[in-house]
Every structure is written in structure tokens, then in C-alpha cells.
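*Asks:* Okay, here's the structure, questions in a sec.
Given below as C-alpha cells:
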């Protein structure tokens, strides 16, 4: 395994030096979201932070909804891009599908709606109700809105895949990970440690999160079918912001003295390390074997990507962005 990992790291390093970033500009690009051949991110080129989009393999970028208002927290899956948008004075949730001429509003009301996530069929977010954050789910077929939590405590950072929604929940005095089934109404508490567990993500039967039970942040996983918990990292440095798609998990890791994107395949045990470049790498996003993150190089944040299945960088020739 060590020899295989060394070969993978050498290939990644050489390819990176040749290929360079997916795109580069004088302003920051952050918080990427990927699905299929589409990549979205945030950029502050206009004086406002807006969502920008490109299709890998084509030049140019565009804005699904280029308004003079702050936007944030993009997420993409199942042919749907969602984000939070403050154009009406409150944070609202908007959506856009590739090929559509315009975006559409998904949340309404004089409350704050933030941190959206989607699987393409359902959109979830946290909403400020009476001074507490609650979790809501909007099933796009029939536009059915469900309130999933009502505790007088904070529930934040939801994610959804199929009928399962996960979030972090402070009702017990610490942040715990909870899950709810949209079809049956079942609610499950996944963590019981007297420490904080936050930033859950779900894909299929797997849930991952960052966990502070050992005095620093580690990455843990829970299999809903097996009803079993796994610890994925054991380094005495912080590992945060996990993401996953299928059996592939990535996270931020500071064992090298700066944030690096690392990951593993839960089925094969194969590990990935993109942190050989002595530059901070943050906010990974993975879908369908493609991993993207923001990287701090040359004094600004840039978006970079890698194809895990084909073991190749998404190079300027296939994803370089230029103004239209």
C-alpha cells in the first residue's frame, strides 16, 4: 500500500506542475461545488460575492444570476445548483439548472435561510425561526416543504441524499449528528460522545463528519445500514470539512503545517494526498470521481480540480476559464 501511495503522490505532483490551476484571476475564487461536467464557485470580481459557473472542457464562465447582492454557500447535485442570496434583504435560497435561462427562488419569508444542500430532488437548509436555527426540506416534486426540527436549540449545516437528511444538533449541550428519513419520519441520533461533532455530509448509506472527542478534530464515518461508526483519521492534527460521494471521502488536513486536501476510498482503502505544494487548500467538493477545492497561491485563492478515476488533473486545456 505504501508503494502504491508513493506512486500516486509522485504522479499527482508531476501532473500538477505541468497542468496548473483550472482557472486564475486577480480576485479570489472560493467554495467550489461540482456535479458532472459543471463547476460552480464564489468570486468577488464585481464588488459583490456572486456564484459563477463553468462547464469543464469549454472556455468561458457565466453567472446564473448576476445581481448586485451577496451570494454564498453553493452546492450542486442531480443537475441542480443551489445557493443563498441576499437580494431582498434576507438570505433566501435560489436554484438553477444547467441550460436554464434564469434562476428561481426556493425559500420565502422574512427569515434568514442559509447553508443549502441538494441531491437534485430535495433542497435542505437551515432557517432562523424564533431565534433558533431549524432544518427544512423542500421536495421539488409537488413543492412540499417539511420542517424537520422543532427543538429549542440550534440545528445547522444540513445535507441530503435520497430520503435521508443529516445535520448537526445542539439540543444535548454538545453538537451531535442527527439524521431524519423523509419517507418514514424516523429520526436517529448518530453520535453520543460528550464532545462536538459538526459538518455532516451524506452519500448513500454513509455519513461523515468532523469530531472533537479526542481533543482535536478527526474525521468519522457512520454506516446507516450497518448502524456502525468508523474513525477515518488518527493524526494528532486537525482534520475538518469532510465531503463524500459514494465511497470516496475527502477533507482538509493540517498535519503538514498548512491545510491540505486529503482523502480515501472507503471500499479499497486507497488514500489521496494533494498537499505536496506548501499552499493552503480548503473547502473540497467531490461528485462523480471529480474533486475540486480552493487553493491559496500567488496571493489569491484559485480553484483546482482532479479526476480521481482517471488520475489526471482537470487542466487548463479542459477547464481554463476566461471572461466571455
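Residue numbers (mature numbering (1 follows the signal peptide of the UniProt record, and there is no 0)): -24 to -1, 1 to 300. From the three backbone atoms N, C-alpha and C, an ideal C-beta is built for every residue, glycine too.
1) Could you tell me whether the Cβ atoms of residue 11 and residue 263 are closer together than 7 Å?
2) Quick one: grab the DSSP three-state call for residue 215.
3) Mind checking which residues open and close the beta strand (DSSP E) that includes residue 87?
4) Please list, in chain order, all residues of the same chain as residue 286 whose beta carbon is under 7 Å from its beta carbon, the five residues on each side excluded.
5) Pick helix, strand or coil for residue 231, following the three-state DSSP scheme.
6) Report the three-state DSSP secondary structure of residue 166 (helix, strand or coil).
7) When the Cα of residue 280 is compared with those of 171, 247, 237, 241, which residue comes out closest?
8) At which residues does the beta strand (DSSP E) containing residue 49 begin and terminate?
9) Any contact between the region 178 to 189 and the region 156 to 163? By contact I mean 3 or more CB pairs, one from each, below 8 Å.
10) Count the CB pairs spanning the region 204 to 222 and the region 246 to 253 that are closer than 8 Å, and state whether there are at least three.
11) Are at least three pairs of beta-carbons, each pair with one atom in the region 96 to 115 and one in the region 127 to 142, less than 8 Å apart?
12) Is the separation between the beta-carbon of residue 104 and that of residue 88 shorter than 7 Å?
13) DSSP on residue 34, reduced to helix/strand/coil?
14) Measuring straight from C-alpha to C-alpha, what distance separates residue 188 and residue 173?
15) How many Å lie between residue 229 and residue 152 at the Cα?
16) If we count the other Cβ atoms within 10 Å of its Cβ and call it buried at 16 or more, is residue 3 buried or exposed?
17) When every heavy atom of the ligand ZN is checked, does at least one fall within less than 6 Å of the C-beta of residue 8?
18) Here's the rule: buried if 16 or more other CB atoms are within 10 angstroms of the residue's CB, otherwise exposed. What is residue 166?
19) Is DSSP giving residue 73 helix, strand or coil here?
*Replies:* On the basis of the data shown:
1) The answer is yes: Cβ separation under 7 Å.
2) The three-state secondary structure of residue 215, taken from DSSP, is strand.
3) Run containing residue 87: none; DSSP gives neither H nor E here.
4) Cβ contact annotation for residue 286 (same chain, cutoff 7 Å, sequence separation greater than five): none.
5) Here residue 231 carries a coil assignment [DSSP, helix/strand/coil].
6) In the structure shown, residue 166 sits in coil (DSSP, three-state: anything other than H, G, I, E or B).
7) Checked all of 171, 247, 237, 241; the closest Cα to residue 280 is 237.
8) For residue 49, the enclosing beta strand (DSSP E) begins and ends at 47 to 53.
9) As far as the Cβ criterion goes, the region 178 to 189 does not touch the region 156 to 163, which means the pair count is below three.
10) Touching, no.
11) Counting Cβ pairs under 8 Å, three or more are found: they touch.
12) Cβ atoms of residue 104 and residue 88: closer than 7 Å.
13) Residue state for residue 34 is assigned as coil, using DSSP reduced to three classes.
14) Counting only the Cα atoms, residue 173 lies some 6 Å from residue 188.
15) Rounded to whole angstroms, residue 229 and residue 152 show a C-alpha spacing of 22 Å.
16) Result: exposed.
17) Here there are no bound small molecules, and the ligand ZN is not part of this structure.
18) Residue 166 is buried by the Cβ-count criterion.
19) If DSSP states are grouped into helix, strand and coil, residue 73 belongs with coil.
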